[in-house]
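Right, one structure below, let's go through it.
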Amino acid sequence: MARLNSSLHNALCLLKPFNTLLTTKPFSPRNSFRFSKRLASSPRRALHSTSTLESHENGETFVLTTPLYYVNAPPHMGSAYTTIAADSVARFQRLLGKKVIFITGTDEHGEKIATSAAANGRNPADHCDLISQSYRTLWKELDIAYDKFVRTTDPKHEAIVKEFYARVFANGDIYTADYEGLYCVNCEEYKDEKELLENSCCPVHQMPCVARKEDNYFFALSKYQKQLEEVLSQNPLSVQPSYRLNEVQSWIKSGLRDFSISRALVDWGIPVPDDDKQTIYVWFDALLGYISALTEDNGQKNQDTAVSLGWPASLHLIGKDILRFHAVYWPAMLMSDGLSLPKMVFGHGFLTKDGMKMGKSLGNTLEPFELVQKFGPDAVRYFFIREVEFGNNGDYSEDRFVKIVNAHLANTIGNLLNRTLGLLKKNCESTLAVDSTIAAEGIPLKDTVEKLVEKAKTNYESLSSSTACEAVLEIGNAGNSYMDQSAPWMLFKQGGVSAEAAAMDLVIILEVMRIIAVVLSPVAPCLSFEDIFTAWLGDTKWGGLKGGQVMAQANPVFTRIELSAEEKKVKDSNKKGKAKVKVEKPQAVAEA
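In case it helps, my numbering puts the sequence shown at residues 65 to 656.
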């Protein structure tokens with residue numbers, strides 16, 4: 065089996081001086097791009113970030129959410145991709161010193177849940193417990209440092225849904241009416257005939273919709289059409305990327321229709337207040353999880369308290385297939401209750417495998433548990449963030465995965481670190497000769513690195529994480545070029561002044577590696593394990609390493625992935641008759 069024999073966080077631990085292993089001083093952040101103790105103390109030991117428990121100098125709170133994932137089935141790679149991306153955003157915001165509330169969770173009501181539970185011989189509650197836990201387990205495997213995990217079957221969530229419903233009802237925006245139409249069970253929504261495919265098939269799930277007629281409660285969405293148009297016109301960045309904004313504006317311009325917010329034929333859900341014959345529509349229920357998640361376990365469970373603890377959200381990160389619910393239905397619901405709107409909804413693309421839509425019938429599903437167990441969390445996180453331009457569709461192929469991880473993490477970063485520490489041990493007794501600031505005087509590499517750090521920061525801020533990774537790789541390439549040009553191994557052989565220059569070169573390269581560890585930590589958090597949360601590793605500003613520090617010994621770092629003979633045989637067999645796949649914007653997509 066292909067395996068990463070040692071992870072890069074172990075490699076970066078080699079940069080930790082022996083004299084700081086027992087006593088470390090916490091880093092005190094200032095308002096600059098730096099690494100601070102904002103991440104989970106150890107992502108492999110603790111799922112949650114500790115950020116909400118700490119003081120933050122600038123007082124700014126950044127609240128971001130993934131969708132609440134539907135528990136009809138275990139998590140797939142699309143869910144994992146969204147959550148990896150959100151986690152990288154959360155970690156970057158913590159680098160800036162912000163208080164972060166990162167919300168994820170599971171959506172556990174609806175007809176599809178009850179059907180799936182029955183098909184598996186379970187009652188709905190047990191089914192939800194099982195699948196919800198599988199999400200928590202996967203997030204632990206992927207080093208997801210969330211702050212809040214909300215379940216829509218939680219009593220505190222149900223209380224807030226009922227309170228919100230009562231407020232909107234009191235505002236005159238809920239009424240009863242008969243509804244007849246074509247219903248997609250998988251989408252849990254009625255469809256307009258004009259958006260369906262041949263034989264009344266849902267364009268998302270490729271399955272026929274069924275005719276239904278119900279007496280339901282409706283939300284007056286059409287009442288908010290003009291307000292929604294004005295909000296999007298005045299705040300175009302509220303829906304991103306820009307082509308998603310165009311989609312939303314087109315939907316609204318075509319005319320909004322009131323939508324049903326209850327179901328008479330679904331028992332597994334939150335009962336409508338004062339009408340136990342109906343349950344609240346799953347989306348009207350689930351969207352409120354972003355607010356109910358803000359409540360504290362030992363605090364008051366009401367809407368006003370929840371809102372005071374962090375609303376509005378800074379960012380809703382979602383797949384493009386649920387854009388309408390988040391960018392049209394949700395803001396209208398909030399308007400009805402007089403609540404602030406989320407600052408941004410970002411709809412990303414879908415994933416394919418080897419250029420093809422993924423599906424069990426095709427035998428080409430990509431199981432996230434298997435992937436992370438095979439290659440490790442850092443490799444998986446890095447590949448999907450580096451190779452999928454955020455917002456677009458992206459493709460996975462094992463061949464591409466191996467090439468990218470080997471070239472970037474094992475060769476460019478891992479090998480440079482190992483070579484440098486090896487030379488330091490051989491020629492300097494693993495001791496830094498001078499401060500990195502002194503070593504870099506008059507050296508252009510320092511300016512190059514500082515510019516690339518700023519480039520990475522700018523791209524992280526604009527959610528261009530792939531380009532941020534490119535900037536980190538440029539730092540690694542610059543370090544490798546400096547190593548090759550200065551050739552310290554040759555200078556050590558010459559002795560005297562040349563050897564002194566070589567010793568300073570090693571300090572410079574190790575400073576580059578220290579900075580890489582910090583800048584790449586949102587994507588590959590194992591680079592920054594808890595025992596290196598110290599001042600000298602905390603800042604991206606040049607000058608963290610000090611003369612006299614004794615470094616740990618060099619060990620194998622980020623080992624190259626090597627496929628087994630059997631895996632190579634399978635891969636070669638799959639390649640026969642197929643064109644080479646490039647990671648771009650494939651047309652055939654699977655739900656993310």
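Here a beta-carbon is modelled for each residue, glycine too, at the ideal position from N, C-alpha and C. Here the structure is a predicted model, which means the values were calculated and not measured.
- By the beta-carbon neighbour count (other beta carbons within 10 angstroms, threshold 16), residue 304 is buried.
- By the Cβ test, the stretch 200 to 215 is in contact with the stretch 162 to 170, since at least three Cβ pairs between them sit closer than 8 Å.
- Residue 369 carries a helical assignment under DSSP once its states are collapsed to helix, strand and coil.
- Of the candidates 399, 459 and 515, the residue whose Cα lies closest to the Cα of residue 428 is 459.
- Taking a cut-off of 8 Å on C-beta distances, the stretch 505 to 513 does not touch the stretch 552 to 565, as fewer than three cross pairs fall below it.
- Uninterrupted beta strand (DSSP E) stretches at least 3 residues long and entirely within the stretch 163 to 197 occur at 163 to 171, given in chain order.
- Residue burial annotation: residue 219 is exposed, with fewer than 16 other C-beta atoms found within 10 angstroms of its C-beta.
- Within its own chain, the residues whose Cβ lies closer than 8 Å to the Cβ of residue 247, once the five positions on either side in sequence are excluded, are 253, 254, 255, 273, 274, 275 and 276, listed in chain order.
- Taking C-beta atoms under 8 Å as the contact rule, residue 308 and residue 387 qualify, at a distance of about 6 Å.
- In the assembly as shown, residue 493 is an exposed residue. Its beta-carbon has fewer than 16 other beta-carbons within 10 Å.
- Under DSSP, the beta-bridge partners assigned to residue 265 are 272.
- Measuring C-alpha to C-alpha distances from residue 318 to each of 325, 310 and 324 identifies 310 as the nearest.
- Looking at the DSSP output, residue 127 bridges to 165.
- Remark: fewer than three beta-carbon pairs, one from each stretch, lie closer than 8 Å, so the stretch 494 to 509 and the stretch 531 to 541 are not flagged as touching.
- As for any beta strand (DSSP E) of minimum length 3 sitting wholly inside the stretch 293 to 320, there is none.
- Just so you know, the alpha carbons of residue 617 and residue 126 end up roughly 39 Å apart.
- When the Cα atoms are used, residue 227 and residue 366 turn out to be separated by approximately 8 Å.
- By the beta-carbon neighbour count (other beta carbons within 10 angstroms, threshold 16), residue 239 is exposed.
- Distance from the CA of residue 265 to the CA of residue 245, rounded to the nearest whole angstrom, comes to 13 Å.
- In this structure, the beta-carbon distance from residue 128 to residue 485 does not fall below 8 Å.
- Judged by their CB atoms, residue 313 and residue 329 are not nearer to each other than the 8 Å cut-off.
- Relative to the Cα of residue 549, the nearest Cα in the group 405, 363, 570 and 614 belongs to 570.
- Contact annotation: residue 499 and residue 611 have beta-carbon atoms nearer than 8 Å.
- In the DSSP assignment, residue 354 falls within the unbroken alpha helix (DSSP H) covering 353 to 356.
- Residue environment for residue 321: exposed (fewer than 16 other C-beta atoms within 10 angstroms of its C-beta).
- Across the structure, residue 231 and residue 403 are spaced so that their CA atoms are roughly 11 Å apart.
- When the Cα atoms are used, residue 452 and residue 478 turn out to be separated by approximately 22 Å.
- Counting other Cβ atoms within 10 Å of its Cβ, residue 554 stays below 16 and is therefore classed as exposed.
- Taking C-alpha positions only, residue 332 is separated from residue 580 by approximately 49 Å.
- With a 10 Å radius around the Cβ and a threshold of 16 neighbouring Cβ atoms, residue 372 comes out exposed.
- The beta carbon of residue 346 is closer than 6 Å to those of 173, 174 and 252 in its chain, skipping five residues each way along the sequence.
- Nearest C-alpha to residue 435 among 466, 315 and 407: 466.
- In this structure, DSSP gives residue 140 a state outside helix and strand, which the three-state scheme calls coil.
- Residue state for residue 209 is assigned as coil, using DSSP reduced to three classes.
- Of all alpha-carbon atoms in 370, 532, 525 and 523, the one lying nearest the alpha-carbon of residue 447 is that of 532.
- At a Cβ-Cβ threshold of 8 Å, residue 384 and residue 413 count as neighbours.
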